[in-house]
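The opening residue of the sequence shown carries number 712 in my numbering; numbering runs sequentially from there. A virtual CB, placed ideally from N, CA and C, is assigned to each residue, including glycine. Bear in mind that the values here come from a model prediction, so they are computed numbers and not experimental data.
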Amino acid sequence: MSLLITPRLRLEPLDDRHFDGLHELNRDPVVMRYITGRPDTPDDTRLMIERVKARWAEFGYSWWAFVRQDTGQLIGSGCIQHLNRDPAGPLETGWRLRQDAWGQGFASEAARHMLGWAFATLRPERVCAVCQPANTPSATVMERLGMTYTGLGRWYDMDCKRYDLTTAQWAASPAKARYEAEA
């Protein structure tokens, strides 16, 4: 499993030791409004961790915990997974952060490193990301990463905007240059 180090974060493969921090994140209704539409229960968080551990074992990628290097606190989580949890689908990246970590560049920083790892290790033709149309902050991160809006669709039982990043777009993107400087 892959530990990723960014200038301010450790991206650790999500497992049982992250339960408390992950549940704190996932039980916040504001954080979850665009993800599931409701806060997670402790059982929801446990089931997520079990699914994630199984995907790490099966695929060699899944969800990471975003742990601040300076405090050791879990401030978010993010993934490389298959869109709509369908192994036949394209790879997808996504993220969520605690409210007190919003607006500080953590999502972009973590996403650059997840994408850099995915393109270098898995070598996909493209990686996509989806968000509900009202989730402007996530769409802004996608655009900062060099992703291109490709249209609306239905994923995870929600209407979502989809953004794609091809291998060629990643190779030419300022996000890749920044990732390489940070790595």
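> Do you know how far the Cα of C871 is from the Cα of T861?
Replying inline: To locate residue 861, count along the sequence shown from 1; it is residue 150. To locate residue 871, count along the sequence shown from 1; it is residue 160. Straight-line spacing of the CA atoms in T861 and C871 works out to 11 Å.
> What span of residues does the alpha helix (DSSP H) with H824 cover, start to end?
Replying inline: The residue labelled residue 824 in the question sits at position 113 within the sequence shown. Taken as a continuous stretch (DSSP letters only), the alpha helix (DSSP H) holding H824 covers F817 to T832.
> Nearest CA to the CA of R834: which residue from A840, V841 and L826?
Replying inline: Taking the first residue of the sequence shown as position 1, residue 834 is located at position 123. When only C-alpha atoms are compared, the closest one is L826.
>> By alpha-carbon positions, which one of R719, L725, I746 and A799 ends up nearest to V763?
In response: Along the sequence shown, read from residue 1 onward, the residue named residue 763 stands at position 52. Answer by Cα proximity: L725.
> Apart from the five residues on each side of it in sequence, which residues of its chain come closer than 6 Å, Cβ to Cβ, to G772?
Replying inline: Start at 1 with the first residue of the sequence shown, and residue 772 comes out as number 61. For the record, residue 772 in the displayed sequence is Tyr; it is not Gly. Contacts found: I791.
> Closest by CA to D727, which one among D739, R889, L802 and R757?
Replying inline: Taking the first residue of the sequence shown as position 1, residue 727 is located at position 16. Cα-wise, what sits closest to D727 is R757.
>> Just to confirm the assignment, what range does the beta strand (DSSP E) spanning L863 have?
In response: Counting from 1 along the sequence shown, the entry for residue 863 is found at position 152. Looking at the DSSP string, the run of the beta strand (DSSP E) that includes L863 is T859 to W866.
>> Short of 8 Å in beta carbon distance, which residues of its chain neighbour L896, apart from the five on each side in sequence? Order them along the chain.
In response: The shown model of the chain, from 712 to 894, leaves out residue 896, and the question about it has no answer.
> By Cβ distance, which residues of its chain are closer than 7 Å to A894, with the 5 residues on each side in sequence left out?
Replying inline: Here the question's residue 894 lines up with position 183 in the sequence shown. G827, listed in sequence order.
> Grouping DSSP H, G and I as helix and E and B as strand, with all else coil, what is W881?
Replying inline: Taking the sequence shown and counting its residues from 1, the one referred to as residue 881 is at position 170. In the structure shown, W881 sits in a helix (DSSP, three-state: H, G or I).
>> Using only the alpha-carbon positions, how far apart do Q780 and M869 sit?
In response: By one-based count along the sequence shown, residue 780 stands at place 69. By one-based count along the sequence shown, residue 869 stands at place 158. Roughly 34 Å between the two C-alpha positions.
>> Suppose you measure from the CA of E761 to the CA of R749; what does that come to, to the nearest Å?
In response: Mapped onto the sequence shown, residue 761 falls at position 50. Mapped onto the sequence shown, residue 749 falls at position 38. So the two alpha carbons sit approximately 20 Å from each other.
> Do F777 and A821 have their C-beta atoms within less than 7 Å of each other?
Replying inline: Within the sequence shown, residue 777 is the residue found at index 66, counting from 1. Within the sequence shown, residue 821 is the residue found at index 110, counting from 1. Taking C-beta atoms as the reference points, F777 and A821 count as a pair closer than 7 Å.
> Alpha carbon to alpha carbon, what distance is there between T877 and G814?
Replying inline: Numbered from its first residue, the sequence shown carries residue 814 at position 103. Numbered from its first residue, the sequence shown carries residue 877 at position 166. Whole-angstrom Cα-Cα distance: 26 Å.
>> Check for me: the beta strand (DSSP E) holding T804 runs from which residue to which?
In response: The count along the sequence shown starts at 1 and reaches residue 804 at position 93. Note, T804: beta strand (DSSP E), L802 to L808.
>> Please report the distance separating the alpha-carbon of R889 from that of D755.
In response: Within the sequence shown, the letter at position 178 stands for residue 889. Within the sequence shown, the letter at position 44 stands for residue 755. Distance between the alpha carbons of R889 and D755 is about 35 Å.
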